[in-house]
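Residue numbers (our numbering): 549 to 834.
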């Protein structure tokens with residue numbers, strides 16, 4: 549027989565879980581209700597592939613193709629930059645850092661706690677002038693935004709990957725060394741493959757933060773709603789487009805911005821599904 553305390557605890561946990569599901573469902577319903585209403589009027593293909601965004605023109609244009617391309621490119625580049633650094637830092641902290649572990653852990657946690665607007669100010673004062681002087685281009689571009697985002701997503705990637713590496717049973721590590729493998733071979737061929745489920749999770753969360761980041765990117769990406777032809781071109785991402793125009797939007801314009809949020813929601817959902825599929829296939833092979 550369960551005690552009344554256990555029953556109360558179960559009820560509280562069940563209520564918390566149900567509340568979370570309800571809120572997610574409510575958010576999804578609101579976004580898709582307004583978003584689908586606009587798409588039914590304007591057309592899905594025209595909305596996704598249109599290359600002109602001019603909601604106040606006569607007639608108005610609501611093409612988010614350039615913003616989709618800009619968001620995807622910035623997210624991919626930032627992830628490609630952050631991944632080797634994040635994995636290397638995680639491995640170092642899990643298997644090499646001893647005296648410096650506490651300092652590095654505190655530093656990573658501090659990076660995670662810094663507000664995104666502070667990162668944006670840093671990029672404006674340091675990265676933008678550096679890119680302009682080094683490559684003789686406009687400093688506000690996709691490369692600058694990607695470098696900034698790679699710095700911002702590092703703490704997420706490092707913390708989760710490091711925890712996954714530390715949770716691999718120690719017997720795997722000692723057993724591999726006992727069989728004659730070097731420390732580096734053990735880490736590369738035993739520990740990292742075993743922890744790749746957690747590493748994939750860290751990549752998913754990092755991509756989610758990267759594609760959903762707004763204020764820091766808004767300051768350095770250029771905010772130009774046009775199709776980019778070079779990595780040094782300025783673009784407007786999906787999130788910055790919503791932030792820039794939601795304050796004064798009305799009617800179809802407002803519904804178009806909500807539909808943009810719906811597209812962003814679907815992108816993140818697709819990314820999660822793809823990475824979970826890859827992770828499960830990898831786990832099945834272990």
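We put the beta carbon where it would ideally sit given N, CA and C, even for glycine.
Query raised in the report: Would you say residue 595 and residue 611 are within 8 Å of each other, going by their C-beta atoms?
Result: yes
Query raised in the report: Does DSSP put residue 605 in a helix, in a strand, or in coil?
Result: coil
Query raised in the report: What number of angstroms, rounded off, separates the C-alpha of residue 797 from the C-alpha of residue 686?
Result: 29 Å
Query raised in the report: If you draw a straight line from the C-alpha of residue 568 to the C-alpha of residue 816, how long is it?
Result: 18 Å
**Report entry** Under 8 Å between C-beta atoms of residue 800 and residue 586
**Finding:** yes
Query raised in the report: Bridge partners of residue 783, per DSSP?
Result: 770
Query raised in the report: Counting only runs that start and end within the stretch 697-727, where is the alpha helix (DSSP H) found for 4 or more residues in a row?
Result: 718-726
Query raised in the report: Whole-angstrom Cβ separation of residue 708 and residue 823, contact assumed at under 8 Å?
Result: No, residue 708 and residue 823 are not in contact; Cβ-Cβ is about 13 Å, not under 8 Å.
**Report entry** Alpha-carbon to alpha-carbon, residue 729 and residue 664
**Finding:** 43 Å
Report task. Please go through the same chain and pick out, in chain order, the residues whose beta-carbon is closer than 6 Å to the beta-carbon of residue 742, but skip the five residues on each side of it. Result -> 716
Query - Distance CB(residue 676)-CB(residue 688) smaller than 8 Å - result: yes
Query raised in the report: Taking just the CA atoms, how far does residue 826 sit from residue 733?
Result: 24 Å
Query raised in the report: Can you list, in chain order, the residues of its chain whose CB lies under 6 Å from that of residue 774, leaving out five sequence neighbours each side?
Result: 614
Query raised in the report: Can you tell me where the alpha helix (DSSP H) with residue 564 in it begins and where it stops?
Result: 552-590
Requested in this report: Could you tell me which residues DSSP pairs with residue 610 in its beta bridges?
Outcome: 601
Report task. Quick one: measure Cβ to Cβ for residue 769 and residue 620, integer angstroms, because I've assumed they're closer than 8 Å. Result -> At roughly 13 Å, the Cβ-Cβ gap does not stay under 8 Å, so residue 769 and residue 620 are not in contact.
Query raised in the report: Looking at the structure shown, is residue 632 part of a helix, part of a strand, or coil, going by DSSP?
Result: helix
Query raised in the report: Does the beta-carbon distance from residue 821 to residue 786 come in below 8 Å?
Result: no
Report task. Label residue 558 either buried or exposed according to how many other C-beta atoms from any shown protein chain fall within 10 Å of its C-beta, with 16 as the threshold for buried. Result -> exposed
**Report entry** Helix, strand or coil at residue 801 [DSSP, three-state]
**Finding:** helix
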